[in-house]
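Asks: Chains as they are written, first to last, in this note's numbering: chain A, 160 to 616; chain B, 19 to 155.
Note that beta-carbon positions come from the ideal geometry of N, C-alpha and C, so glycine has one too.
All figures in this text were calculated on a predicted structure; none of them were measured in a lab.
(1) Could you tell me whether any Cβ in chain B is nearer than 8 Å to the Cβ of residue 302/A?
(2) For residue 583/A, is the classification buried or exposed, using 16 other Cβ atoms within 10 angstroms of its Cβ as the cut-off for buried?
(3) For the region 497-518 of chain A, enumerate the residues whose C-beta is nearer than 7 Å to any C-beta of chain B, in chain order.
(4) Quick one: using the 10 Å Cβ neighbour count with 16 as the cut-off for buried, is residue 160/A buried or exposed?
(5) Which residue's Cα is closest to the Cα of residue 245/A: 339/A, 379/A, 170/A?
(6) For the region 143-151 of chain B and the region 86-103 of chain B, state whether three or more C-beta atom pairs, one from each stretch, are separated by less than 8 Å.
(7) For residue 282/A and chain B, any beta-carbon pair shorter than 8 Å?
(8) For chain B, find out if any of its Cβ atoms is closer than 8 Å to the Cβ of residue 527/A; answer yes or no.
(9) Give me the Cα-Cα distance between residue 35/B and residue 595/A, rounded to the nearest whole angstrom.
(10) Note the first and the last residue of the continuous beta strand (DSSP E) segment covering residue 77/B.
(11) If you check the beta carbons only, do residue 617/A and residue 356/A fall under 8 Å apart?
(12) I want to see whether chain A comes within less than 8 Å of residue 84/B, judged by CB atoms only; does it?
(13) Can you list, in chain order, the stretches of the alpha helix (DSSP H) that have 4 or more residues and sit fully within the region 505-584 of chain A?
(14) Could you check if residue 276/A is buried or exposed, using at least 16 other CB atoms within 10 Å of its CB as the buried criterion?
(15) In this structure, does DSSP put residue 476/A in helix, strand or coil?
(16) Decide yes or no for the touch test of the region 226-235 of chain A against the region 256-273 of chain A: beta carbon pairs closer than 8 Å, at least 3 of them.
(17) Tell me the residue span of the beta strand (DSSP E) that contains residue 371/A.
(18) Can you pull the chain B neighbours of residue 445/A, defined as C-beta to C-beta under 7 Å?
(19) Under 8 Å between beta-carbons, which chain B residues line up against residue 524/A? List them in chain order, please.
(20) Could you tell me whether the Cβ of residue 520/A comes closer than 8 Å to any Cβ of chain B?
(21) Got a sec: is the Cβ-Cβ distance from residue 55/B to anything in chain A below 8 Å?
(22) Going by DSSP in three states, residue 267/A sits in which element: helix, strand or coil?
(23) Is residue 163/A helix, strand or coil by DSSP?
(24) With distances taken between CB atoms, is the gap from residue 105/B to residue 31/B smaller than 8 Å?
(25) With residue 62/B and residue 89/B assumed to form a contact (beta carbons below 8 Å), what rounded beta-carbon distance in angstroms separates them?
(26) Quick check: the Cα distance between residue 402/A and residue 436/A, rounded to an integer number of angstroms?
(27) Determine whether the Cβ of residue 179/B lies closer than 8 Å to any Cβ atom of chain A.
(28) Residue 235/A lies in the beta strand (DSSP E); which residues open and close that run?
(29) Tell me whether residue 295/A is buried or exposed, calling it buried when 16 or more other Cβ atoms sit within 10 Å of its Cβ.
(30) Would you list, in sequence order, the uninterrupted alpha helix (DSSP H) runs of no fewer than 4 residues that lie entirely inside the region 302-333 of chain A?
(31) For residue 19/B, does the count of other Cβ atoms within 10 angstroms reach 16, so buried, or fall short, so exposed?
(32) Check whether the region 415-434 of chain A and the region 444-452 of chain A touch, using three or more Cβ-Cβ pairs below 8 Å as the test.
(33) Let me confirm a value: residue 162/A is counted as buried when at least 16 other C-beta atoms fall within 10 Å, else exposed. Which label applies?
(34) Cβ of residue 440/A less than 8 Å from any chain B Cβ?
(35) Residue 361/A to residue 513/A, Cα distance in whole Å?
(36) Which residues in the same chain have their Cβ closer than 7 Å to the Cβ of residue 312/A, if we skip the five residues on either side of it in sequence?
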């Protein structure tokens, strides 16, 4: 149950966690439990989608990131960031001013990850035309979706297009560009400014086997605050050369329909993790047929709604739509000719996407069946209210936790109440059980307790 | 041994897929090979749609043992007059209304046969049909 295959970016600050059930309820993979009054993540089930972080009223979830001080270690310091970064600023701050503020932070090169998107578009088109591909092809753009398929929809791993995401392409692209100018690899520091937790995990433990070339990860929300403070009053110098390959399609790539509008005769774009889950369920039943390409993103409004984004996701998308009009189509734009396209292509291939079923009750079928029979029997006694007061997301999950030895009958508060009614358990004992699950003193009256009125709960 | 039972209503396309989805969840928990799960679920969904399209009501029983999955779908309905013909790809007696909903292409039984290791169809015209499918692993 605690098998750890993936690196996880999302962490819980126990000091801040107040022990409520908001995160547990929204988790699409039932990866959260409450133990001793604190939330805990079942690592093998977490896909880093960030729903828990969004739902937490106490801001107890945080992500591991690198310090900007790391910049000092490199002569060439590259900020890799997705175009949604620009979209979050209010209209009155120009693209030029934002770029200048980012340079003022200490970077020497600014690289919007969608700059070389032409390469990815061409490779994807080639892949879609191959004969043996399993349709509908699913983009590997969103790492949370890739992980979701790996752990919950193992029969669909072959549908994923084995091509890495734009940030990988951009990292290799800038690396190759600089090295072709005679720069040594160790002098180059690549920092990815991430709009979400899933991208961090994707960098730290990529789907394939090769390690990422990114040296550090910075959270978009922290970065936004720093950049915002350094915005110059007026546009001072010209930074257009930093984004010379940017295209209309590139600017819109990480917004919804950014990919699906490019590929296949019949393509669908789905955003929001719960919508993705529903669609994958149908897809696995073969209920959905005839489609060539599926764009699936874990966040509402795709990356504009990323968990680490500051701006409103709708205004961010709108600004990008306006901005895209100032750039030419990728068809009219040529990338630098001195690049080794074959090498870039090699860097973009994912060798194998393995399935990891995170929902089996036991590796051994016979034992799994025994556990299931037991869980089905336990279910008869549970109330089916799905309140979460036991520390598991619903009655079914509690029954499964019990057969795995991770929960007890007395964790169900209704069952305990019944036992008291039948005089099978003392009042004192029942209360101690509650405190064991939710923490000592958790139920004392306290007007300063988190979650009181007007605190935004 | 795990046994699952579902009741289906004729004409209810909205709920067709419930039995296959529930079964899928259980099979994943039992750590059964994803390929076997896929075959089972696809065949089961086709069978469910058949009941929704043709029958009045039906009952699904799924039995999982340590080496196979057995699905029995028993319905009350018009039955199939010529099973041999019904097994042919493209043969369909679905009403225009059902076809309008995107079903009834005559691929149901052939698709079930393709996915199941054993497919047995028994039918009494005027009374109903029983479909039995076995998936080995």
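Replies: Based on what the coordinates show:
(1) On the first chain, position 143 is the one that residue 302/A refers to. No, residue 302/A lies away from the interface with chain B (no Cβ there is under 8 Å from its Cβ).
(2) What you label residue 583/A is simply residue 424 of the first chain in a count that begins at 1. In the assembly as shown, residue 583/A is an exposed residue. Its beta-carbon has fewer than 16 other beta-carbons within 10 Å.
(3) Going along the region 497-518 of chain A in chain order, one finds 514, 516, 518 with a Cβ nearer than 7 Å to chain B.
(4) Locating residue 160/A in the first chain gives position 1, where the first residue counts as 1. Because residue 160/A carries a pLDDT of 36, less than 50, the predicted location of this residue cannot be relied on, and no value is offered for it.
(5) Within the first chain, residue 245/A is the residue found at index 86, counting from 1. Considering only alpha carbons, the answer is 379/A.
(6) At 8 Å Cβ cutoff, the stretches touch.
(7) The count along the first chain starts at 1 and reaches residue 282/A at position 123. Taking Cβ atoms only, chain B never reaches closer than 8 Å to residue 282/A, which makes this a no.
(8) The count along the first chain starts at 1 and reaches residue 527/A at position 368. It does: the Cβ of residue 527/A has a partner Cβ on chain B nearer than 8 Å.
(9) As a first step, residue 35/B is located in the second chain; it is residue number 17 there, counting from the start. As a first step, residue 595/A is located in the first chain; it is residue number 436 there, counting from the start. About 41 Å.
(10) As a working note, residue 77/B is residue 59 in the second chain. Counting along the chain, the beta strand (DSSP E) containing residue 77/B begins and ends at 75-82.
(11) This structure leaves residue 617/A out entirely; chain A is present only between 160 and 616.
(12) Position 66 of the second chain holds residue 84/B. Interface residue, yes.
(13) 524-538, 554-562, 572-580, all fully within the region 505-584 of chain A.
(14) On the first chain, residue 276/A is found 117 positions in, with the first residue counted as 1. Within 10 angstroms of the beta-carbon of residue 276/A lie 16 or more other beta-carbons, which makes it buried.
(15) Here residue 476/A corresponds to residue number 317 of the first chain, with the count starting at 1. DSSP places residue 476/A in helix when its eight states are reduced to three.
(16) Result yes; three or more Cβ-Cβ pairs closer than 8 Å.
(17) The residue labelled residue 371/A in the question sits at position 212 within the first chain. It is not in any beta strand (DSSP E) - residue 371/A carries neither H nor E in the DSSP assignment.
(18) For the purposes of this step, residue 445/A is identified with residue 286 of the first chain, where counting begins at 1. 60, 63, listed in chain order.
(19) Position 365 of the first chain, counting from 1, holds the residue named residue 524/A. Against chain B, the beta carbon of residue 524/A has neighbours under 8 Å at 48, 49, 50, 84, listed in chain order.
(20) Within the first chain, the letter at position 361 stands for residue 520/A. True, the Cβ-Cβ gap to chain B drops below 8 Å.
(21) Against the second chain, residue 55/B aligns to sequence position 37. Chain A contact via Cβ: present.
(22) Position 108 of the first chain, counting from 1, holds the residue named residue 267/A. Coil at residue 267/A, not helix or strand.
(23) In the first chain, residue 163/A corresponds to position 4, counting from 1. Annotation note: pLDDT 47 at residue 163/A (below 50); position unreliable, no value reported.
(24) By one-based count along the second chain, residue 105/B stands at place 87. By one-based count along the second chain, residue 31/B stands at place 13. Contact flag unset, no.
(25) Taking the second chain and counting its residues from 1, the one referred to as residue 62/B is at position 44. Taking the second chain and counting its residues from 1, the one referred to as residue 89/B is at position 71. Between residue 89/B and residue 62/B the Cβ distance is about 6 Å, and since that is below 8 Å, they are a contact.
(26) Taking the first chain and counting its residues from 1, one reaches residue 402/A at position 243. Taking the first chain and counting its residues from 1, one reaches residue 436/A at position 277. When rounded, the distance between both Cα atoms is 36 Å.
(27) As displayed, chain B neither begins before 19 nor continues past 155, which places residue 179/B out of reach and without an answer.
(28) Along the first chain, read from residue 1 onward, the residue named residue 235/A stands at position 76. Residue 235/A: member of the beta strand (DSSP E) spanning 235-240, first to last residue.
(29) Here residue 295/A is taken as the residue at index 136 of the first chain, counted from 1. With 16 or more other Cβ atoms within 10 Å, it is buried.
(30) Runs of the alpha helix (DSSP H) inside the region 302-333 of chain A: 302-311.
(31) To locate residue 19/B, count along the second chain from 1; it is residue 1. Counting C-beta atoms within 10 angstroms of its own C-beta, residue 19/B has fewer than 16 neighbours from the protein chains shown and is therefore classed as exposed.
(32) Below 8 Å, enough C-beta pairs join the region 415-434 of chain A and the region 444-452 of chain A to call them touching: three or more.
(33) In the first chain, counting from the first residue as 1, residue 162/A sits at position 3. Summary for residue 162/A: the model assigns pLDDT 42, below 50, so the residue's position carries little reliability; its value from the coordinates is reported in the next sentence. It counts as exposed.
(34) Position 281 of the first chain holds residue 440/A. It does; some Cβ of chain B falls within 8 Å.
(35) Residue numbering aside, residue 361/A sits at position 202 when the first chain is read from its first letter. Residue numbering aside, residue 513/A sits at position 354 when the first chain is read from its first letter. Taking the straight line joining both Cα atoms gives about 14 Å.
(36) The residue you call residue 312/A lines up with position 153 of the first chain. Listed in chain order, the non-local C-beta contacts of residue 312/A below 7 Å within the same chain comprise 439, 443, local neighbours out to five positions each way being set aside.
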